Amino acid sequence: WCPPCRALLPELRKASIQLAGQMKFGTLDCTIHHNLCSMYKIQAYPTTVIFNGSSVHEYEGQHSADGILEFIQDLVSPSVVTLDPSSFKDRVRGRAEGQVWAVDFYAPWCGPCQALMPEWRRMARMLSGQILVGSVDCQRFQSFCQSQGVRAYPEVRLYPSNTPRTDHYMSYNGWHRDAHSLRTWALSSLPSAVEDLTPDSFRSQVLSGQDHWVVDFYAPWCGPCQHFAPEFEVLSQIVKGEIRAGKVDCQAHHQTCQSAGINAYPTVRFYPHLGKRRHEHSGEHINSRDANVIADTMRQRLQRLLPRLHSKAKDEL
Numbered sequence: 001w002c003p004p005c006r007a008l009l010p011e012l013r014k015a016s017i018q019l020a021g022q023m024k025f026g027t028l029d030c031t032i033h034h035n036l037c038s039m040y041k042i043q044a045y046p047t048t049v050i051f052n053g054s055s056v057h058e059y060e061g062q063h064s065a066d067g068i069l070e071f072i073q074d075l076v077s078p079s080v081v082t083l084d085p086s087s088f089k090d091r092v093r094g095r096a097e098g099q100v101w102a103v104d105f106y107a108p109w110c111g112p113c114q115a116l117m118p119e120w121r122r123m124a125r126m127l128s129g130q131i132l133v134g135s136v137d138c139q140r141f142q143s144f145c146q147s148q149g150v151r152a153y154p155e156v157r158l159y160p161s162n163t164p165r166t167d168h169y170m171s172y173n174g175w176h177r178d179a180h181s182l183r184t185w186a187l188s189s190l191p192s193a194v195e196d197l198t199p200d201s202f203r204s205q206v207l208s209g210q211d212h213w214v215v216d217f218y219a220p221w222c223g224p225c226q227h228f229a230p231e232f233e234v235l236s237q238i239v240k241g242e243i244r245a246g247k248v249d250c251q252a253h254h255q256t257c258q259s260a261g262i263n264a265y266p267t268v269r270f271y272p273h274l275g276k277r278r279h280e281h282s283g284e285h286i287n288s289r290d291a292n293v294i295a296d297t298m299r300q301r302l303q304r305l306l307p308r309l310h311s312k313a314k315d316e317l
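For what it's worth, UniProt numbering labels the leading residue of the sequence shown as 1, then goes sequentially.
Next up, the structure:
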């Protein structure tokens, strides 16, 4: 009789197909097996529970196949480190030089904390290899959270690298608690990997250099450019070490942008290094403002290009 339950069934089937052979899926009718549902304290329908050996985990995200799959992925390979007072002292306060931690102080009974949790896990996956992400259960470690000055939940803090005091932190005060907003905020603590390009450096490094480049052509007065700037910073961190990221101020360097064929802002161009050939002057336009989409597009392009470049290099030898 429960409409949300009927809506969940096709999503559950989709998730089961994705994990066929890895995990078993089942349904339990609580109108028939009332005692069994009471044993596991099921009080609302639908309730999705994952049994992982002796551990029982209740799913609290959206009733969608993608959401369920993300939750299971985090159980198998956790992206968020569960911290207690001891591990917080060792890993966050005692963090190595260059390490940055983002920590969520929460209480399990807190509605906004429950809403944040799937976004926090999603953000942690997006920041993998760049920023360490943890969480502290303040219901379990109440006195510890009080000693850290936590007065409300959720309390999201960033512990930056290379600070004189390891207890120094920045609190998140943004309106939006979605994964993308939190990621942008967290990455803003890292040194910028985006290089400001001049006409000379654009010619010598991008067009004539030996690196792959992604370039953001922008104008300071352009609203969409200002909105895209933090996303481009995110992109620079994602591809750091693979592809260099630069930006050109088209108000200050109008001739350079005109020569590159730029007629709208912001414009993102990819300049792959083509072996002994110079880069194409106009680059390759990427019609997206999503850091992950841009990164994937460039990597796919390089996968197609590199075998041909290696083949040409062998022919020349």
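Each residue gets a CB set at the ideal place from its N, CA and C atoms; glycine is no exception.
Quick caveat: nothing in here was measured; it's all calculated off a predicted structure.
How long is the line joining the alpha carbons of residue i and residue j, rounded to whole angstroms?
{"i": "GLY26", "j": "THR267", "result": "49 Å"}
{"i": "THR47", "j": "ARG121", "result": "20 Å"}
{"i": "PHE202", "j": "PRO272", "result": "14 Å"}
{"i": "ALA96", "j": "LEU132", "result": "11 Å"}
{"i": "THR297", "j": "GLY223", "result": "25 Å"}
{"i": "CYS110", "j": "GLU119", "result": "15 Å"}
{"i": "GLY136", "j": "PRO10", "result": "Looking at the sequence provided, one finds Val at residue 136 rather than Gly. If I take the Cα positions, the gap works out to 35 Å."}
{"i": "HIS285", "j": "ALA219", "result": "17 Å"}
{"i": "SER16", "j": "GLN22", "result": "9 Å"}
{"i": "GLY174", "j": "LYS41", "result": "35 Å"}
{"i": "THR166", "j": "ASP178", "result": "27 Å"}
Using a Cβ-Cβ cut-off of 6 Å (strictly less than) and excluding sequence neighbours within five positions of residue i, which residues of its own chain qualify?
{"i": "GLN130", "result": "GLN237"}
{"i": "ARG244", "result": "ASP211, TRP213"}
{"i": "PRO108", "result": "GLN139"}
{"i": "GLN114", "result": "GLU60"}
{"i": "CYS2", "result": "TYR45"}
Throw me the rounded Cβ distance for the residue i and residue j pair, which I believe falls under 8 Å.
{"i": "ALA65", "j": "LYS14", "result": "4 Å"}
{"i": "LYS240", "j": "VAL194", "result": "Not quite, the Cβ-Cβ distance comes to about 10 Å (not below 8 Å), so this is no contact."}
{"i": "ALA124", "j": "SER79", "result": "4 Å"}
{"i": "LEU127", "j": "ALA186", "result": "6 Å"}
Please identify the residue among the options whose C-alpha is closest to the C-alpha of residue i.
{"i": "VAL56", "options": "PHE71, GLN62, TYR45", "result": "PHE71"}
{"i": "GLU231", "options": "ALA20, MET123, HIS180, PHE51", "result": "HIS180"}
{"i": "LEU235", "options": "THR198, ASP211, SER188", "result": "SER188"}
{"i": "PRO199", "options": "HIS176, THR166, GLN255", "result": "GLN255"}
{"i": "CYS145", "options": "LEU182, PHE88, PRO112, THR163", "result": "PHE88"}
Going by beta carbon distance, what residues of the same chain come within less than 8 Å of residue i, once the five residues before and after it are set aside?
{"i": "SER192", "result": "GLU233, SER236"}
{"i": "LEU12", "result": "PHE25, THR27, THR48, ALA65, ILE68"}
Enumerate in chain order the residues of its own chain whose CB-to-CB distance from residue i is below 7 Å, with the five nearest sequence positions on each side excluded.
{"i": "ARG289", "result": "PHE228, GLU231"}
{"i": "ALA295", "result": "LEU235, ILE238, VAL239"}
Do the region 168-179 and the region 215-226 meet, that is, are 3 or more Cβ pairs less than 8 Å apart? A contact between stretches requires three or more CB pairs, one per stretch, nearer than 8 Å, and the region 168-179 fails this requirement with the region 215-226.
contact_flag[the region 157-166, the region 101-108] where n(CB pairs < 8 Å) is 3 or more: yes
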